[in-house]
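S.K.: I have a structure here, written as structure tokens, and I will follow up with some questions on it.
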Amino acid sequence: MLNEGKTSKYFKYAIGEIILVVIGILIALQINNWNEKNNLSKKEVALLANLKNDIESDISGLKRQDSLYASKEIDAALGIELFYKAKTTKDIDSVIGLSNGLWNELYISRNTYNEMINSGSMYTMKNKELQKKINKYYSLVEAHIEYIRNVNNSQNKLWDEDPAMYPAKLLMRQMRNPQIDIKLLDTAWINNPKSATYLSLDNALFTNQNLSNRYRRVVFGRIITAGDDLNTAITKELNSRK
32 MLNEGKTSKY FKYAIGEIIL VVIGILIALQ INNWNEKNNL SKKEVALLAN
82 LKNDIESDIS GLKRQDSLYA SKEIDAALGI ELFYKAKTTK DIDSVIGLSN
132 GLWNELYISR NTYNEMINSG SMYTMKNKEL QKKINKYYSL VEAHIEYIRN
182 VNNSQNKLWD EDPAMYPAKL LMRQMRNPQI DIKLLDTAWI NNPKSATYLS
232 LDNALFTNQN LSNRYRRVVF GRIITAGDDL NTAITKELNS RK
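FYI, my numbering numbers position 120 of the sequence shown as 151, with every residue one higher than the one before it.
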């Protein structure tokens with residue numbers, strides 16, 4: 032074409048070819064970006080569905096625990112009432128039995144949430160309001176896990192590290208091990224409200240009721256309410272993706 036003096040036609044042809052190549056590249060990039068966004072969207076939907084299942088499972092578990100602690104709360108109230116009327120070692124044994132606390136750790140599954148954080152999916156979520164709700168929920172959970180852990184530690188110290196509790200613990204062992212002669216034990220504290228052991232046991236019973244039973248149920252209620260609210264938001268988002 033150059034030899035024939037058709038330079039302008041050659042350049043037009045070349046430019047046309049270049050434009051076609053560029054357009055082809057742009058279309059390919061657009062398709063690739065669309066595929067990536069589509070894949071990210073599918074992954075996000077799958078993670079949200081898993082997160083919803085995690086929360087539903089946790090809520091179900093918390094409701095079961097709440098029923099258990101509700102029963103413990105009733106028993107502990109009876110134990111405290113009996114404590115003020117106690118006159119014998121058998122009375123104290125019944126008090127301890129009724130007020131036996133459960134110092135369980137608060138466990139909430141973070142598997143899917145951690146996966147969303149570690150994979151970066153949390154930060155690329157399309158619905159930013161839902162992203163905030165999810166982070167807020169797990170921040171609430173984390174704060175209460177730490178609180179319950181502190182409650183457990185404080186309860187443990189009251190029962191195991193307070194020297195004044197030793198006569199009461201020894202009495203409990205005797206009631207379950209007849210080989211220990213009860214006559215050798217100090218039981219005078221049972222009828223002495225001013226004694227160190229009586230006051231320590233009184234404090235332990237009330238702390239168990241107010242922190243381990245009652246306030247723990249408040250914690251369960253907060254997480255259940257927040258979890259239900261979050262699951263409603265996740266369900267709404269999942270339905271919008273269908």
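Glycine included, each C-beta is placed from N, C-alpha and C at the ideal position. If you're wondering where the values come from, they're calculated on a predicted model, not measured in any experiment.
(1) Which one of Tyr144, Ser125, Tyr138 and Ser150 has the shortest CA to CA distance from Gln96?
(2) In the DSSP assignment, the alpha helix (DSSP H) including Trp190 goes from what residue to what residue?
(3) Out of Gly132, Leu133 and Phe114, state which residue places its alpha-carbon closest to the alpha-carbon of Asp124.
(4) Which stretch, first to last residue, makes up the alpha helix (DSSP H) that contains Arg272?
(5) Return the CA-CA distance between Glu112 and Asp233, expressed in angstroms with no decimal places.
(6) Give the straight-line distance between the Cα atoms of Thr155 and Asn145, rounded to the nearest whole angstrom.
(7) Does the stretch 229-249 come within contact of the stretch 172-188, defined as at least 3 CB pairs closer than 8 Å?
(8) Does the beta-carbon of Ile58 have 16 or more other beta-carbons within 10 angstroms, so that it is buried, or is it exposed?
(9) Helix, strand or coil for Met156? Go by DSSP, reduced to three states.
(10) For Leu33 and Ile49, I'd like the C-alpha separation in whole angstroms.
(11) Leaving out the 5 sequence neighbours to the left and right, which residues in its chain are closer than 6 Å to Tyr168 when beta-carbon positions are compared?
(12) Assuming Thr143 and Asn81 make a contact with CB atoms under 8 Å, what is their CB distance in whole Å?
(13) Run the CB neighbour count on Pro198, radius 10 Å, all protein chains shown included, and call it buried at 16 or more, exposed below.
(14) Assuming Ala227 contacts Ala195 under a Cβ cut-off of 8 Å, what Cβ separation, rounded to an integer in Å, is found between them?
(15) For the 8 Å Cβ check, are there 3 or more pairs between the stretch 201-217 and the stretch 263-270?
(16) Going along the chain, which residues of its own chain have a beta-carbon closer than 7 Å to the beta-carbon of Leu79, five neighbours each way excluded?
(17) Assuming Asp193 contacts Ile90 (C-beta within less than 8 Å), just tell me the rounded distance between them.
(18) Can you tell me which of the three DSSP states Met32 falls into?
(19) Are the beta-carbon atoms of Gly151 and Ser130 separated by less than 8 Å?
(20) Per DSSP, what kind of secondary structure is Glu136 in: helix, strand or coil?
(21) Contact check, Thr170 vs Ser88 under 8 Å by CB: the rounded distance?
M.R.: With the structure as the only source:
(1) Tyr138
(2) Lys159 to Asp191
(3) Phe114
(4) Looking at the DSSP string, Arg272 is not in any alpha helix (DSSP H), and its letter there is neither H nor E.
(5) 11 Å
(6) 14 Å
(7) yes
(8) exposed
(9) When DSSP states are grouped into helix, strand and coil, Met156 belongs to the coil group.
(10) Any answer about Leu33 is weak, because its pLDDT of 49 lies below 50 and its placement is not dependable; what the coordinates show is given next. Each residue's Cα considered, the two are about 19 Å apart.
(11) Ala257 and Leu261
(12) 4 Å
(13) buried
(14) In this structure, Ala227 and Ala195 form a Cβ contact; the two beta carbons are roughly 4 Å apart against a cut-off of 8 Å.
(15) Cβ pair count under 8 Å is below three, so no.
(16) Ile265, Glu268 and Leu269
(17) Contact flag wrong, Cβ pair sits at about 36 Å.
(18) Low per-residue confidence applies at Met32: pLDDT is 46, beneath 50, and the placement is therefore not dependable, though the value from the model is reported in the following sentence. Correct three-state label for Met32: coil.
(19) no
(20) coil
(21) Before going on, a small fix: residue 170 reads as Ser here, not Thr. Between Ser88 and Ser170 the Cβ distance is about 20 Å, and since that is not below 8 Å, they are no contact.
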